[in-house]
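Protein chains in written order, with UniProt numbering: chain G, 1 to 214; chain E, 1 to 214; chain B, 1 to 214.
Reading through the structure tokens given below for one structure.
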Amino acid sequence: MSGHFLFLLLDLVGTFVFAISGAVAAKQRKLDLFGILTISFVVACGGGIVRDVCIGALPPAGLANWRYLAAAIAAALATISAYPQVRRLRNPVLFFDAIGLGLFAVSGSQKALAYGHNAEVAILLGVLTAVGGGAVRDVLLARVPVILQREIYASAALIGAGIQVACEQLGMAQPWTPWAATFVCVGLRLMSLHFQWHIPTFSDHNAGKTSSDQ
Amino acid sequence: MSGHFLFLLLDLVGTFVFAISGAVAAKQRKLDLFGILTISFVVACGGGIVRDVCIGALPPAGLANWRYLAAAIAAALATISAYPQVRRLRNPVLFFDAIGLGLFAVSGSQKALAYGHNAEVAILLGVLTAVGGGAVRDVLLARVPVILQREIYASAALIGAGIQVACEQLGMAQPWTPWAATFVCVGLRLMSLHFQWHIPTFSDHNAGKTSSDQ
Amino acid sequence: MSGHFLFLLLDLVGTFVFAISGAVAAKQRKLDLFGILTISFVVACGGGIVRDVCIGALPPAGLANWRYLAAAIAAALATISAYPQVRRLRNPVLFFDAIGLGLFAVSGSQKALAYGHNAEVAILLGVLTAVGGGAVRDVLLARVPVILQREIYASAALIGAGIQVACEQLGMAQPWTPWAATFVCVGLRLMSLHFQWHIPTFSDHNAGKTSSDQ
Chain G
1 MSGHFLFLLL
11 DLVGTFVFAI
21 SGAVAAKQRK
31 LDLFGILTIS
41 FVVACGGGIV
51 RDVCIGALPP
61 AGLANWRYLA
71 AAIAAALATI
81 SAYPQVRRLR
91 NPVLFFDAIG
101 LGLFAVSGSQ
111 KALAYGHNAE
121 VAILLGVLTA
131 VGGGAVRDVL
141 LARVPVILQR
151 EIYASAALIG
161 AGIQVACEQL
171 GMAQPWTPWA
181 ATFVCVGLRL
191 MSLHFQWHIP
201 TFSDHNAGKT
211 SSDQ
Chain E
1 MSGHFLFLLL
11 DLVGTFVFAI
21 SGAVAAKQRK
31 LDLFGILTIS
41 FVVACGGGIV
51 RDVCIGALPP
61 AGLANWRYLA
71 AAIAAALATI
81 SAYPQVRRLR
91 NPVLFFDAIG
101 LGLFAVSGSQ
111 KALAYGHNAE
121 VAILLGVLTA
131 VGGGAVRDVL
141 LARVPVILQR
151 EIYASAALIG
161 AGIQVACEQL
171 GMAQPWTPWA
181 ATFVCVGLRL
191 MSLHFQWHIP
201 TFSDHNAGKT
211 SSDQ
Chain B
1 MSGHFLFLLL
11 DLVGTFVFAI
21 SGAVAAKQRK
31 LDLFGILTIS
41 FVVACGGGIV
51 RDVCIGALPP
61 AGLANWRYLA
71 AAIAAALATI
81 SAYPQVRRLR
91 NPVLFFDAIG
101 LGLFAVSGSQ
111 KALAYGHNAE
121 VAILLGVLTA
131 VGGGAVRDVL
141 LARVPVILQR
151 EIYASAALIG
161 AGIQVACEQL
171 GMAQPWTPWA
181 ATFVCVGLRL
191 MSLHFQWHIP
201 TFSDHNAGKT
211 SSDQ
């Protein structure tokens, strides 16, 4: 019961912040009110709907549970009315996207485990839920997809989902485990944005050769 | 029985006109015959397939019922052979997209209700079915997505789906209700294109500030 | 049993080569290691996940069966370490994409038949599985989608899936039938790339008129 409430809370907060990132991006493209609401809802609930379809939780909570729609609409309206304040953040889309990334990585893997799937399904669906919202937002709005940017992104979601699943599978999960896993993921992502951290890649030792790629 | 037939008719006409919009857009991009057929089918049936997956109607009608494939192929072939006539419309993609928007908003919400889902699921799936086809078409063909254009789009689908669901839930549905709801949605969309109507938005009173957004 | 093993083999080889095409495309965009792994997995398993969702095979094999994840990761790592060799191919993305196209067209239609669906569902899901991976790759990486290129693409997948389904439905399937169907599809696609074959289209006899299209 408490676990279920915790999951719902994580998922709704993730919906709220992803909806903010969608609303800011839609507002920057000068969409009208219903366009902003539509983009906010699709971005905030799209990842969770894909997750629910994959684990057979039909109809998807994002469609059937009014709280998700209410969270997305509230976030979009709050963003519109507080837009001058939101804009003072250096890059509000990336900031709220980072928080949503962490929350959805953890809540997505939690829900897959709760439906009886194995650790691999749980981690993969955590990452896909977290990465999906931002990818849909950027494709719909013709922005450079966050997944193409060079900082740590998918790997932060992987680490967040991995911590959560490992703790649950090893019987070490505490009430604060999801928050800790979310904190690690969001922290990694924000620090990689701030310090322009890159993952050491195999491409580095080919740097001279690859620079001539198309 | 009559209701079922009416739903199938609405859905097939929607498939036909969305397939025309896909075929015109694919032809403008100079795709070959099978490319045009593929785009037409994906655009016409993609939204309905997502809807059927979300309500658990498997396999999706767009794949299992040959009438949808036949309607999409017939629309694509008709578009190709009557292309000089179709081109005389000022913007054939937007024109047929508007009709498909109305038909899919209404038939999508009808099918969700028929599968026993609540009003919220029905309205949301009506809007997503209606908006999905055009969004997929524009993303695949790298056009400016219709959802980004400033006229009334998602809100017209919302009003169409809302009228249909309200009438059915309140027991006021008549045989002509779906056509009336479709007519309102298509009319709103076409008039907003013609008169360049915009929804009053919260952004208007920030116009001076937002004009400097990226 | 043998048929099941054959299907798994086709599907895993298809996953491997699509993951290579995704890894090459992601590396050309200079993504980091986890970005490359994510794109490789999404491209390689995205089409199969959509197919499994449509035929009700939940959770999708691409998420639940570790072999798919392992094949995608192995392909991505092999691509990164042998990148100088891979680059010597004139267009490695299109080359591996063609092989994946044939393998997924055949394995996708096989799996739909194995789940008891009719010939139409099997052929359509074969084509969508085959076309989906490349379309997702190109949309995520903002490349010109392969489906827009003028050579034979969707039609090659249709012929491959059609041969496989026809042989199975007519009771003529041999152990080597899937390989023959794959070979025909891949051969058609590669030859159309090499010789710049085009399908005769209805647009040809309108060439003078359509050249003024937007």
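Heads up, the beta-carbon is just placed ideally off N, CA and C, and yes, glycines get one too.
What you are looking at is a predicted structure, and each value in this text was computed from that prediction instead of being measured.
Take L63 of chain G as the anchor and find which of E:L141, E:R143, E:S109 has the nearest alpha-carbon. E:S109
Between the C-alpha atoms of T129 of chain E and Q85 of chain B, what's the straight-line distance to the nearest angstrom? One C-alpha to the other measures close to 45 Å.
Quick check on the burial criterion: 16 or more other C-beta atoms within 10 angstroms. Buried or exposed for F195 of chain E? Exposed, because fewer than 16 other Cβ atoms sit within 10 Å of the Cβ of F195 of chain E.
Roughly how many angstroms lie between the CA atoms of S192 of chain G and A154 of chain G, to the nearest whole one? 12 Å
Which ranges would you report for the alpha helix (DSSP H) in the region 122-203 of chain E if only whole runs of at least 4 residues count? 154-169, 177-195
Please tell me whether P145 of chain B has its Cβ less than 8 Å away from any Cβ of chain E. It does; some Cβ of chain E falls within 8 Å.
Where does Y83 of chain E fall in DSSP's three states? helix
For a test of the three-state rule: what should DSSP assign to R88 of chain B, helix, strand or coil? coil
Output, in chain order, the set of chain E residues within a Cβ distance shorter than 7 Å of A154 of chain B. Contact note: A154 of chain B reaches chain E through F34, G35, T38, using a C-beta cutoff of 7 Å and chain order.
At a Cβ threshold of 8 Å, is H117 of chain B touching chain E? yes
Limits of the unbroken alpha helix (DSSP H) element including G35 of chain B: 33-55
For the region 174-187 of chain B against the region 121-128 of chain B, do three or more pairs of beta-carbon atoms, one drawn from each stretch, fall closer than 8 Å, so that the two count as touching? no
Assuming V106 of chain B contacts G160 of chain B (C-beta within less than 8 Å), just tell me the rounded distance between them. 5 Å
Contacts that E120 of chain B makes with chain E (C-beta to C-beta distance below 9 Å): L63, A64, N65, W66, L69
Please tell me whether I159 of chain B has its Cβ less than 8 Å away from any Cβ of chain G. no
Can you tell me whether DSSP reads L103 of chain E as helix, strand or coil? It is helical.
Using a beta-carbon distance below 8 Å, is V53 of chain G in contact with chain E? yes
For K27 of chain E, name the three-state secondary structure that DSSP assigns. helix
When the Cα of K111 of chain G is compared with those of G:A57, G:F34, G:L77, G:A156, which residue comes out closest? Checking every option, the nearest Cα to that of K111 of chain G belongs to G:A57.
Determine the chain B residues that contact I49 of chain E at a beta-carbon separation under 8 Å, and present them in chain order. C54
Same chain only: Cβ atoms within 8 Å of L12 of chain G, ignoring 5 sequence neighbours per side: R67, Y68, A71, listed in sequence order.
Check this for me: beta carbons of V17 of chain B and V136 of chain B, under 8 Å apart or not? no
Out of curiosity, what's the CA-to-CA distance linking N118 of chain E and A61 of chain G? 12 Å
Could you list which residues in chain E have their beta carbon closer than 7 Å to that of L31 of chain G, in chain order? The answer, in chain order, is L148.
Could you spell out the range, first to last residue, of the alpha helix (DSSP H) harbouring G116 of chain B? Where G116 of chain B is concerned, there is no enclosing alpha helix (DSSP H), given that its DSSP letter is neither H nor E.
Beta-carbon gap between A78 of chain G and A44 of chain G smaller than 8 Å: no
Output yes or no for whether 8 Å exceeds the beta carbon distance between A157 of chain E and V131 of chain E. yes
Residues in the region 180-192 of chain E having any Cβ partner in chain G nearer than 8 Å: Closer than 8 Å at the C-beta level to chain G, one finds no residue of the region 180-192 of chain E.
Taking CB distances under 8 Å as the criterion, tell me whether A98 of chain B reaches chain E. Closer than 8 Å: no.
For L94 of chain E, which of helix, strand or coil comes out of DSSP? helix
In the DSSP assignment, find the alpha helix (DSSP H) that holds L63 of chain B and state where it starts and stops. 61-64
Contact set between A135 of chain B and chain E, taken where Cβ atoms lie within less than 7 Å: L140
Tell me the rounded alpha-carbon separation between E151 of chain B and D32 of chain E. 8 Å
Can you say whether N65 of chain B is buried or exposed, counting buried as having 16 or more other CB atoms within 10 angstroms of its CB? Buried is the call here.
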